[in-house]
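*Asks:*
In the numbering used here, the protein residues as written are 1071 to 1368.
1. CA-CA distance, residue 1304 and residue 1295?
2. Note down the Cα distance separating residue 1364 from residue 1095, rounded to an integer number of angstroms.
3. On the three-state DSSP scale, how would you describe residue 1188?
4. Can you tell which of 1239, 1207, 1257, 1076 has the C-alpha that lies nearest to the C-alpha of residue 1159?
5. Going by beta-carbon coordinates alone, are residue 1219 and residue 1247 separated by less than 7 Å?
6. With a CB to CB cut of under 8 Å and the five nearest residues on each side skipped, what residues in its chain are close to residue 1270?
7. Considering only the alpha carbon of each residue, which of 1185, 1173, 1167, 1150 lies closest to residue 1281?
8. Around the Cβ of residue 1301, are there at least 16 other Cβ atoms within 10 angstroms (buried) or fewer (exposed)?
9. For residue 1267 and residue 1167, I'd like the C-alpha separation in whole angstroms.
10. Can you tell me the Cα-Cα spacing of residue 1322 and residue 1134, whole angstroms?
11. In or out: residue 1308 buried (at least 16 other Cβ within 10 Å) or exposed?
12. Report the rounded CA-to-CA distance for residue 1265 versus residue 1230, giving the unit in angstroms.
13. What's the gap between the Cα of residue 1326 and the Cα of residue 1317?
14. On the three-state DSSP scale, how would you describe residue 1170?
15. With residue 1216 as the anchor, note down where its beta strand (DSSP E) starts and where it stops.
16. Opposite residue 1159 in the DSSP bridges: which residues?
17. Is residue 1162 closer than 7 Å to residue 1194 when the C-beta atoms are compared?
18. Considering just the uninterrupted stretch of the alpha helix (DSSP H) at residue 1147, what are its terminal residues?
19. Secondary structure at residue 1344, three-state DSSP: helix, strand or coil?
20. Using 7 Å as the threshold, is the C-beta distance between residue 1179 and residue 1146 below it?
21. Kindly give me the distance between the Cβ atoms of residue 1334 and residue 1349, rounded to whole angstroms, as I take these residues to be in contact under 8 Å.
22. Taking only runs of the alpha helix (DSSP H) that begin and end inside the segment 1215-1240, which ones reach a length of at least 4 residues, in chain order?
23. Work out the CA separation of residue 1078 and residue 1107 for me, nearest whole Å.
24. Which residues bound the alpha helix (DSSP H) around residue 1177?
25. Along the chain, where does the alpha helix (DSSP H) that runs through residue 1282 open and close?
26. Sort 1359, 1360, 1093, 1297 by Cα distance to residue 1329 and report the nearest one.
27. Check this for me: beta carbons of residue 1074 and residue 1119, under 7 Å apart or not?
28. Quick test of your reading: residue 1105 and residue 1240, contact by CB under 8 Å. State the CB separation rounded to the nearest angstrom.
29. In the DSSP assignment, find the alpha helix (DSSP H) that holds residue 1095 and state where it starts and stops.
30. Just reading off the beta strand (DSSP E) that residue 1324 is part of, what are its end residues?
31. Roughly how many whole angstroms lie between the Cα atoms of residue 1125 and residue 1235?
32. So what's residue 1115 in DSSP terms, helix, strand or just coil?
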């Protein structure tokens, strides 16, 4: 974590021919959309940094690893310059808008290192949407004289990060905005487009957001315990409902880990236009088959 690194700008991807002319994204993010991608490589030359003042915010539902993201930021900027500061905005994006924050120090960081939850500074689901809210956020950034703002959150939060980045550039702010993908739903990954155009070594991607692995392992442990109970008592069927946002990645991963008798995946139901009656019929057939073929009534 304390290694020096280089940031290398890569050639433009020239994706204009792949774009939908009606796509509003290039126009909405006219200052950031066409920026060339960069790759971070380790530097063999140790170097110090000027004093940096970085703000960070935890946004959305908690996910295991959030505290360690803050710890990593703190450790790195302090290793390069002991005068650097990390500021944590309280209770999500509202803390940015209202200028509500705390300065994170070594003792506080160490107390939360490797712990789950987002309680070191709290989280929230507020969004920065209105003109007034963007103005308030920029005012907070300018008052604190921040060099960077790290937004740790899911798809909504990273959309906010993209909007803030564009807004800060439009208003000549020096503050760089970084989005860190956080979601237990597993639905926030980098595009595979770079891999199709360039080599994997040249365009590494984020294969998974933090939080997903811990969530699915925890769920799978609980499912496994219920399965063991069912095998022991030999008289019950259990229906287990798993959470997810709009994608069924959690359900699919837990099914791969625990091998249930039947998994209802929302995307398949939608694609095949399966009715409730058809689902009930399939489940009834499964129960009947296990009973008649193996004598299993569980």
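Glycine included, C-beta positions come from ideal geometry on N, C-alpha and C. Since this is a predicted model, take the numbers as computed values, not measurements.
*Replies:* This is what the structure gives:
1. Along the chain shown, one-based indexing puts residue 1304 at 234. Along the chain shown, one-based indexing puts residue 1295 at 225. Distance between the alpha carbons of residue 1304 and residue 1295 is about 14 Å.
2. The residue labelled residue 1364 in the question sits at position 294 within the chain shown. The residue labelled residue 1095 in the question sits at position 25 within the chain shown. Cα to Cα, the separation comes out at about 57 Å.
3. Translated into positions along the chain shown, residue 1188 becomes position 118. If DSSP states are grouped into helix, strand and coil, residue 1188 belongs with coil.
4. If you number the chain shown from 1, residue 1159 lands on position 89. That would be 1207, whose Cα lies nearest to the Cα of residue 1159.
5. Taking the first residue of the chain shown as 1, we reach residue 1219 at position 149. Taking the first residue of the chain shown as 1, we reach residue 1247 at position 177. Cβ atoms of residue 1219 and residue 1247: closer than 7 Å.
6. Along the chain shown, read from residue 1 onward, the residue named residue 1270 stands at position 200. Because residue 1270 sits at a pLDDT of 47, beneath the cut-off of 50, its placement in the model cannot be relied upon, and the following sentence gives the value as read from the coordinates. Correct list: empty, nothing qualifies.
7. Taking the chain shown and counting its residues from 1, the one referred to as residue 1281 is at position 211. Taking only the C-alpha atoms, the option nearest residue 1281 is 1185.
8. On the chain shown, residue 1301 is found 231 positions in, with the first residue counted as 1. The residue in question, residue 1301, is exposed, as its Cβ has fewer than 16 Cβ neighbours within 10 Å.
9. The residue given as residue 1267 occupies position 197 in the chain shown. The residue given as residue 1167 occupies position 97 in the chain shown. With a pLDDT of 47 at residue 1267, under the threshold of 50, the modelled position of this residue cannot be trusted, and the question is left open.
10. Locating residue 1322 in the chain shown gives position 252, counting from the first residue. Locating residue 1134 in the chain shown gives position 64, counting from the first residue. Using only the alpha carbons, I get a separation of about 20 Å.
11. The residue you call residue 1308 lines up with position 238 of the chain shown. By the Cβ-count criterion, residue 1308 is exposed, with fewer than 16 other Cβ atoms from all chains shown falling within 10 Å of its own Cβ.
12. Taking the chain shown and counting its residues from 1, one reaches residue 1265 at position 195. Taking the chain shown and counting its residues from 1, one reaches residue 1230 at position 160. A caution first: residue 1265 carries a pLDDT of 45, below 50, which makes its placement in the model too unreliable to give a value.
13. What you label residue 1326 is simply residue 256 of the chain shown in a count that begins at 1. What you label residue 1317 is simply residue 247 of the chain shown in a count that begins at 1. In a straight line, the C-alpha of residue 1326 is about 16 Å away from that of residue 1317.
14. The residue given as residue 1170 occupies position 100 in the chain shown. For residue 1170, the three-state secondary structure derived from DSSP is coil.
15. The sequence position of residue 1216 within the chain shown is 146, counting from 1. No beta strand (DSSP E) holds residue 1216; DSSP gives it neither H nor E.
16. Here residue 1159 refers to the residue found at position 89 when the chain shown is read from its first residue. BP columns for residue 1159 point to 1127, 1171.
17. Counting from one through the chain shown, the residue named residue 1194 turns up at place 124. Counting from one through the chain shown, the residue named residue 1162 turns up at place 92. Yes, the Cβ-Cβ distance between residue 1194 and residue 1162 is below 7 Å.
18. Counting from 1 along the chain shown, the entry for residue 1147 is found at position 77. Unbroken alpha helix (DSSP H) run through residue 1147: 1136-1150.
19. As a working note, residue 1344 is residue 274 in the chain shown. Here residue 1344 sits in coil by DSSP.
20. Numbered from 1 along the chain shown, position 109 holds the residue referred to as residue 1179. Numbered from 1 along the chain shown, position 76 holds the residue referred to as residue 1146. No Cβ-Cβ contact shorter than 7 Å links residue 1179 with residue 1146.
21. Counting from 1 along the chain shown, the entry for residue 1334 is found at position 264. Counting from 1 along the chain shown, the entry for residue 1349 is found at position 279. Right, the Cβ-Cβ distance comes to about 7 Å (below 8 Å), so this counts as a contact.
22. 1225-1240
23. Your numbering for residue 1107 matches position 37 in the chain shown. Your numbering for residue 1078 matches position 8 in the chain shown. Rounded to the nearest whole angstrom, the C-alpha separation of residue 1107 and residue 1078 is 9 Å.
24. Here the question's residue 1177 lines up with position 107 in the chain shown. The continuous alpha helix (DSSP H) containing residue 1177 extends over residues 1176-1182.
25. Residue mapping note: residue 1282 aligns to position 212 of the chain shown, counting from 1. Its alpha helix (DSSP H) spans residues 1282-1303.
26. One-based indexing of the chain shown puts residue 1329 at position 259. Ranked by Cα distance from residue 1329, the options 1359, 1360, 1093, 1297 are led by 1297.
27. Taking the first residue of the chain shown as position 1, residue 1074 is located at position 4. Taking the first residue of the chain shown as position 1, residue 1119 is located at position 49. Residue 1119 sits away from residue 1074, with the two beta carbons spaced by 7 Å or more.
28. Counted from its first residue, the chain shown places residue 1105 at position 35. Counted from its first residue, the chain shown places residue 1240 at position 170. Actually they do not touch by this definition, with Cβ atoms about 14 Å apart.
29. By one-based count along the chain shown, residue 1095 stands at place 25. Run containing residue 1095: 1095-1098, per the alpha helix (DSSP H) assignment.
30. For the purposes of this step, residue 1324 is taken as residue 254 along the chain shown, with counting starting at 1. Unbroken run through residue 1324 is the alpha helix (DSSP H), 1319-1328; no beta strand (DSSP E).
31. Working through the chain shown from its first residue, we reach residue 1125 at position 55. Working through the chain shown from its first residue, we reach residue 1235 at position 165. Roughly 14 Å separates the two Cα atoms.
32. Start at 1 with the first residue of the chain shown, and residue 1115 comes out as number 45. Residue 1115 falls in the coil class under three-state DSSP.
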